[in-house]
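Here it is in structure tokens:
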């Protein structure tokens, strides 16, 4: 006797606990195994690129907050660097250092969420992510101190920062910087060699070197595949050429490497923050004189920065008016998703969730 | 053996029902509070003193919820599933001694009865998964059935050692035989039974059938209102049943100094459940093929070896089976587990398509 089996289509999402937003994976399943996968997105499309064409260059900053809302500070920075390059605006020394400090803290905060959410996708019942949120909270407190906001800061402006940091900021920052390594050690102790995590993530969802390059992946996803490419090193922006830090890379390009690269990157970010605190001038201008309505000369620019999730680039065409003529966003989340199908096909549904989580996307940036 | 009269039957039915419901509420409260403490948060602390009324509030809320039945559901099976899943758990308590002689029926095949009855829950789960015509539910239910085949064998084999030593399948006799709790003379058996038991009742890290990050809620995705509450009840009642079985078989049941027997029984149950909460707060989830590999390649051979060693020990030291064996068995357990951990490979999960 032979039993008839047939494949079926399972819609994972758009409303599912582990799709990190309104993402949908249309999976063709053979039992537990995924034989074909079609990512569907666009549920969160807000037309940010078009909206930006009707706003002033400063007015766009709140829109960038809402791209990858887990790393709003980095997005602000990326946008402002693009505008500054286009309009030829210089940034005061002190502001540059503060920007780097904030951007690196944001990287730590974003990676904490990424690693915690990955463990959640792996099935750990909330424990790792809650411990990581505890530390992220301290970083958010710092951001709240400087900008008054906890998620959408709009703190970095073309030509500097919105305002100087309050007096209590630096001592609080120093405390966070001293405390964090201890917590990183704690995570490593709990998770680095966790047998179940290793069994679930080692060798799962391999993204090969070639595939990573061909799909123009960036950020930790690219580096986990063994490619030493970090825009902070390769094409330094702001003042990143003044700091010493390593670019951690993985070997296999599997889920564990993507997790582990993020854990290592947090330590490197902390190194940068420490150096920046030491080098930063104690007082000085925080903002250069910039006209209220910036009118960059006619021209175009593509400016890229290394945000937590990868390469965030802004392509801006200016027609010398107060708003950009064309505003294009190259989001790392969207492009890192390109290889999703090839990584998932052949794995089980449980792995699919884990692989998807290890890419660490933010739907706000995928759909923008 | 206690006399089987109608009065006895009625009394114990009431006791068991009340015990299960109250303990489930205690468990829900304990789990939420302890998990919260382990996860650096507070947990429910607003309803009543220390949040003690939280389970009651939960129950009221769930009772007031609208009862939704999917259009394409197989109505009868959909209705029956929670009941089929719940009743076997109650039946387990029929043979669990609350104190000396204090049990509904002292069956001479008590332990076998427990093992047989607990497997019936799987049918209820499968009915739920099949009838709600939801692919997540079906996947969850299929996982449960597949896993049952794997863990049931090592689960039973790991306790045969206990049965050899006590020379009886009756739960009452097993408790009576524990001058030294079997957790000490049978440490390996306890460990295997605990792991297998966690798989049986779908506790983390083996909570595959309702894997919330993958299958939304597994077999009870479509359930709401009172029927969902039934499944929720089953989940905790199963944990209670497993704690009670472990307490009876490995932790010398109601026996203990000073305190009244039933209190010892309850305390030990809560301690075992605490261990389950701890594992739930600590571990990520394994994959279905990894669970099966674990059951067949790790639990199964070790439980057979454990059975063999116990048989030899009982044969050689029939009369002096005592404290001498505690360190020996602990050493054997450590060596075996270390050895198997070296040999054991979960393997690769990718399938070429």
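Residue numbers (this note's numbering), protein chains in the order written: chain A, 1 to 368; chain B, 1001 to 1353. Just so it is clear, CB atoms sit at the ideal spot from N, CA and C, and this is done for glycine as well.
**Item:** Where residue 17(A) meets chain B, residues with beta-carbon distance less than 7 Å
**Value:** Translated into the one-based positions of the first chain, residue 17(A) becomes position 17. By Cβ distance, chain B contributes 1212, 1213 and 1216.
**Prompt:** Helix, strand or coil for residue 39(A) per DSSP?
**Reply:** Translated into positions along the first chain, residue 39(A) becomes position 39. The answer is strand: DSSP assigns residue 39(A) an E or B state.
**Item:** contact_flag[the region 1121 to 1140 of chain B, the region 1067 to 1080 of chain B] where n(CB pairs < 8 Å) is 3 or more
**Value:** yes
**Asked** Is the number of C-beta pairs between the region 160 to 168 of chain A and the region 81 to 98 of chain A that are closer than 8 Å three or more?
**Response** yes
**Message:** Any contact between the region 304 to 315 of chain A and the region 323 to 335 of chain A? By contact I mean 3 or more CB pairs, one from each, below 8 Å.
**Reply:** yes
**Message:** Let me make sure I understand the geometry here. Which of 252(A), 187(A) and 153(A) has the alpha-carbon closest to that of residue 134(A)?
**Reply:** In the first chain, residue 134(A) corresponds to position 134, counting from 1. Out of 252(A), 187(A) and 153(A), 187(A) has the C-alpha closest to the C-alpha of residue 134(A).
**Item:** With 16 other Cβ atoms within 10 Å as the buried cut-off, status of residue 228(A)
**Value:** Within the first chain, residue 228(A) is the residue found at index 228, counting from 1. Under this definition residue 228(A) is an exposed residue.
**Message:** For residue 66(A) and residue 320(A), I'd like the C-alpha separation in whole angstroms.
**Reply:** For the purposes of this step, residue 66(A) is taken as residue 66 along the first chain, with counting starting at 1. For the purposes of this step, residue 320(A) is taken as residue 320 along the first chain, with counting starting at 1. Taking the straight line from one Cα to the other gives about 26 Å.
**Request:** Specify the secondary structure class of residue 46(A) as computed by DSSP and reduced to three states.
**Result:** Here residue 46(A) refers to the residue found at position 46 of the first chain. Correct three-state label for residue 46(A): coil.
**Prompt:** Per DSSP, what kind of secondary structure is residue 1132(B) in: helix, strand or coil?
**Reply:** For this step, residue 1132(B) is matched to residue 132 along the second chain. Reduced to three states, the DSSP call for residue 1132(B) is coil.
**Item:** Same chain only: Cβ atoms within 7 Å of residue 204(A), ignoring 5 sequence neighbours per side
**Value:** Looking up residue 204(A) in the first chain gives position 204. Here the set comprises 254, 255, 347, 351, 354 and 355.
**Message:** Using CA atoms only, rank isn't needed, just tell me which of 1332(B), 1154(B) and 1019(B) is closest to residue 1294(B).
**Reply:** Stepping through the second chain from its first residue, residue 1294(B) is reached at position 294. Of 1332(B), 1154(B) and 1019(B), the smallest CA-CA separation from residue 1294(B) is found for 1154(B).
**Item:** Selection of the region 1192 to 1208 of chain B by Cβ proximity to chain A, strictly under 9 Å
**Value:** 1204, 1205, 1207 and 1208
**Asked** How about residue 1228(B): is its C-beta nearer than 9 Å to some C-beta of chain A?
**Response** Counting from 1 along the second chain, the entry for residue 1228(B) is found at position 228. No, because no Cβ of chain A sits closer than 9 Å to the Cβ of residue 1228(B).
**Asked** How big is the Cα-Cα spacing for residue 1035(B) and residue 1050(B)?
**Response** Taking the second chain and counting its residues from 1, the one referred to as residue 1035(B) is at position 35. Taking the second chain and counting its residues from 1, the one referred to as residue 1050(B) is at position 50. Their Cα atoms are separated by approximately 15 Å.
**Nearest to residue 1172(B) (by Cα), restricted to the options 1275(B), 1108(B), 1314(B) and 1054(B)** = On the second chain, position 172 is the one that residue 1172(B) refers to. Of the candidates 1275(B), 1108(B), 1314(B) and 1054(B), the one whose C-alpha sits nearest the C-alpha of residue 1172(B) is 1108(B).
**Prompt:** Does the region 264 to 283 of chain A touch the region 232 to 244 of chain A, meaning 3 or more C-beta pairs lie closer than 8 Å?
**Reply:** yes
**Message:** Please report the distance separating the alpha-carbon of residue 74(A) from that of residue 287(A).
**Reply:** The sequence position of residue 74(A) within the first chain is 74, counting from 1. The sequence position of residue 287(A) within the first chain is 287, counting from 1. Taking the straight line joining both Cα atoms gives about 18 Å.
**Message:** Please tell me whether residue 1173(B) has its Cβ less than 9 Å away from any Cβ of chain A.
**Reply:** The residue labelled residue 1173(B) in the question sits at position 173 within the second chain. It does not; no Cβ of chain A falls within 9 Å.
**Message:** Strictly by DSSP, which residues pair up with residue 950(B)?
**Reply:** Coverage of chain B is limited to positions 1001 through 1353, which leaves residue 950(B) absent and any answer about it impossible.
**Asked** So, residue 238(A) versus residue 103(A), is the Cβ gap smaller than 9 Å?
**Response** The sequence position of residue 238(A) within the first chain is 238, counting from 1. The sequence position of residue 103(A) within the first chain is 103, counting from 1. Yes, the pair counts as a contact, with Cβ atoms nearer than the cut-off.
**Prompt:** When DSSP builds the beta bridges, which residues end up paired with residue 27(A)?
**Reply:** In the first chain, residue 27(A) corresponds to position 27, counting from 1. The partner list for residue 27(A) (beta bridge, DSSP) reads 10(A) and 37(A).
**Message:** Does the structure place the region 1156 to 1173 of chain B close enough to the region 1207 to 1222 of chain B that three or more beta carbon pairs sit under 8 Å?
**Reply:** The region 1207 to 1222 of chain B makes no contact with the region 1156 to 1173 of chain B, as fewer than three CB pairs between them are under 8 Å.
**Prompt:** Does DSSP put residue 328(A) in a helix, in a strand, or in coil?
**Reply:** Indexing the first chain from 1 puts residue 328(A) at position 328. Residue state, collapsed to three classes: strand.
**Prompt:** Which residues bound the alpha helix (DSSP H) around residue 97(A)?
**Reply:** The sequence position of residue 97(A) within the first chain is 97, counting from 1. Here the alpha helix (DSSP H) through residue 97(A) covers 93 to 121.
**Item:** Contact list for residue 1038(B) against chain A, beta-carbon separation under 7 Å
**Value:** Counting from 1 along the second chain, the entry for residue 1038(B) is found at position 38. Ordered by position in chain A, the residues that pass the 7 Å Cβ test against residue 1038(B) are 127.
**Message:** Which same chain residues end up closer than 8 Å to residue 1030(B) when comparing Cβ atoms and leaving out the 5 residues on each side of it in sequence?
**Reply:** Along the second chain, one-based indexing puts residue 1030(B) at 30. Closer than 8 Å at Cβ, skipping near neighbours: 1270, 1273, 1274 and 1277.
**Message:** Using a Cβ-Cβ distance cut-off of 9 Å, determine whether residue 1029(B) contacts chain A.
**Reply:** As a first step, residue 1029(B) is located in the second chain; it is residue number 29 there, counting from the start. Residue 1029(B) has a beta carbon lying at 9 Å or more from every beta carbon in chain A.
**Item:** Closer than 8 Å at the beta carbon, the chain A residues around residue 1155(B)
**Value:** Taking the second chain and counting its residues from 1, one reaches residue 1155(B) at position 155. Per Cβ cutoff of 8 Å: no residues; residue 1155(B) is ~20 Å from chain A at best.
**Prompt:** Which first and last residues belong to the alpha helix (DSSP H) in which residue 1086(B) is found?
**Reply:** Start at 1 with the first residue of the second chain, and residue 1086(B) comes out as number 86. Residue 1086(B) -> alpha helix (DSSP H) spans 1075 to 1092.
**CA-to-CA distance, residue 200(A) to residue 122(A), given in whole angstroms** = Position 122 of the first chain, counting from 1, holds the residue named residue 122(A). Position 200 of the first chain, counting from 1, holds the residue named residue 200(A). In a straight line, the C-alpha of residue 122(A) is about 7 Å away from that of residue 200(A).
**Item:** Continuous alpha helix (DSSP H) assignments of at least 4 residues falling wholly in the region 1102 to 1162 of chain B
**Value:** 1110 to 1118 and 1120 to 1131
**Request:** Indicate whether residue 1249(B) and residue 1335(B) have their beta-carbon atoms separated by less than 9 Å.
**Result:** As a working note, residue 1249(B) is residue 249 in the second chain. As a working note, residue 1335(B) is residue 335 in the second chain. Taking 9 Å as the Cβ cut-off, residue 1249(B) and residue 1335(B) do not qualify as a contacting pair.
**Message:** Taking the alpha-carbon of residue 1056(B) as reference, which of 1066(B), 1044(B) and 1067(B) has the nearest alpha-carbon?
**Reply:** Here the question's residue 1056(B) lines up with position 56 in the second chain. The shortest C-alpha separation from residue 1056(B) is found at 1044(B).
**Environment of residue 7(A) [buried if 16+ CB atoms lie within 10 Å]** = Here residue 7(A) is taken as the residue at index 7 of the first chain, counted from 1. So residue 7(A) ends up on the exposed side.
**Prompt:** Which residues in the same chain as residue 71(A) place their Cβ atom closer than 6 Å to its Cβ, once the five residues preceding and following it in sequence are excluded?
**Reply:** To locate residue 71(A), count along the first chain from 1; it is residue 71. Excluding residues within five positions, the ones whose Cβ falls inside 6 Å are 106, 110, 307 and 308.
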